[in-house]
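Novice: Chains as they are written, first to last, in our numbering: chain A, 62 to 161; chain B, 62 to 161. Following this message is one structure expressed as structure tokens.
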DNA sequence: ATGCTGCGTAACCATTGGGTTACACAATCA
DNA sequence: TGATTGTGTAACCCAATGGTTACGCAGCAT
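Encoded structure:
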């Protein structure tokens with residue numbers, strides 16, 4: 062999990078998938094590296110439970126499954142005590158999310 | 062930053078330092094690996110801005126500097142929208158932290 | 001001064017990790 | 001059927017990483 066989000070390319074993949082479902086090829090098109098390299102990254106993210114694969118014809122469609130990120134959030138939680146100045150910001154963000 | 066917290070040993074070091082300041086030796090005593098190995102991990106965490114070094118006599122005392130973790134929190138923020146079921150839990154956690 | 005403590009650094013080794021090219025294979029299209 | 005499209009897998013390469021042992025050096029103690 063932590064290893065999965067350690068790589069910048071993989072974080073960029075997650076960012077791309079936020080809100081939209083993309084085909085493997087479309088995903089790869091956003092990066093300067095080869096398609097197989099992206100396929101590997103996708104494999105890592107998939108194994109980490111961060112994205113879902115759906116097959117349509119020859120294409121493979123990937124979408125975000127951010128539930129796994131909750132574990133990062135849980136790990137982070139105790140540390141929030143230590144940058145308390147940001148706590149009110151966080152609370153406000155949460156409330157906005159709930160409304161929106 | 063993300064690379065720094067990707068390693069389980071380094072996360073354990075951060076956990077140990079939560080709330081207390083420890084000497085390099087005490088830190089290393091908690092792990093099955095050699096002291097130089099821990100020194101390296103500490104170096105990574107230090108370069109990532111996650112811990113502070115203070116010198117007292119021969120000892121070096123390390124303490125948590127979790128400000129850098131705020132960047133992880135910021136990265137995580139947009140994804141919270143996607144595991145909305147947990148939002149109320151998070152809000153409660155934040156409020157408890159503020160009270161506690 | 002001399003020794004002992006508590007450390008970090010250097011040098012080295014084995015493994016992992018991210019990259020590439022070449023290939024295989026399923027699904028559409030003609 | 002045969003060609004084309006979209007994609008993962010295999011094999012391989014090199015750089016980075018986490019580990020080790022050996023060493024060096026600053027700061028107290030005597």
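Glycine residues also receive a C-beta, built at the ideal position from the N, C-alpha and C atoms.
Restricting to runs no shorter than 3 residues, where is the beta strand (DSSP E) found entirely within the region 66-92 of chain B?
Specialist: Complete beta strand (DSSP E) runs here, min 3: none at all.
Novice: If you drop the 5 nearest sequence neighbours on each side, which residues of the same chain put their C-beta closer than 7 Å to that of residue 129/B?
Specialist: Looking up residue 129/B in the second chain gives position 68. If we look at residue 129/B and ignore the five residues flanking it on each side, its Cβ neighbours are 62, 109, 110 and 111.
Novice: For residue 85/B and residue 105/B, which I take to be in contact (beta-carbon distance under 8 Å), what is that distance rounded to the nearest angstrom?
Specialist: The residue given as residue 85/B occupies position 24 in the second chain. The residue given as residue 105/B occupies position 44 in the second chain. Between residue 105/B and residue 85/B the Cβ distance is about 14 Å, and since that is not below 8 Å, they are no contact.
Novice: Cβ of residue 134/A within 8 Å of Cβ of residue 113/A?
Specialist: Within the first chain, the letter at position 73 stands for residue 134/A. Within the first chain, the letter at position 52 stands for residue 113/A. No, these two residues do not count as a Cβ contact at 8 Å.
Novice: Just grab the DSSP bridge partners of residue 123/A for me.
Specialist: Looking up residue 123/A in the first chain gives position 62. Answer is 83/A and 114/A, bridged to residue 123/A.
Novice: Which term fits residue 90/B, buried or exposed, when burial requires 16 or more other beta carbons within 10 angstroms of its beta carbon?
Specialist: The residue you call residue 90/B lines up with position 29 of the second chain. Counting Cβ neighbours within 10 Å, residue 90/B comes out exposed, since fewer than 16 surround it.
Novice: Enumerate in chain order the residues of its own chain whose CB-to-CB distance from residue 72/B is below 8 Å, with the five nearest sequence positions on each side excluded.
Specialist: Taking the first residue of the second chain as position 1, residue 72/B is located at position 11. The residues are 66.
Novice: Quick one: residues in its chain with C-beta nearer than 7 Å to the C-beta of residue 163/B, no 5 flanking neighbours on either side, listed in chain order?
Specialist: Here chain B comprises residues numbered 62 to 161, so residue 163/B is not present and cannot be evaluated.
Novice: With 8 Å set as the bound, which would you pick, yes or no: does the beta-carbon of residue 64/B sit closer than that to a beta-carbon of chain A?
Specialist: What you label residue 64/B is simply residue 3 of the second chain in a count that begins at 1. For residue 64/B, the answer is yes, since a Cβ of chain A falls inside 8 Å of its Cβ.
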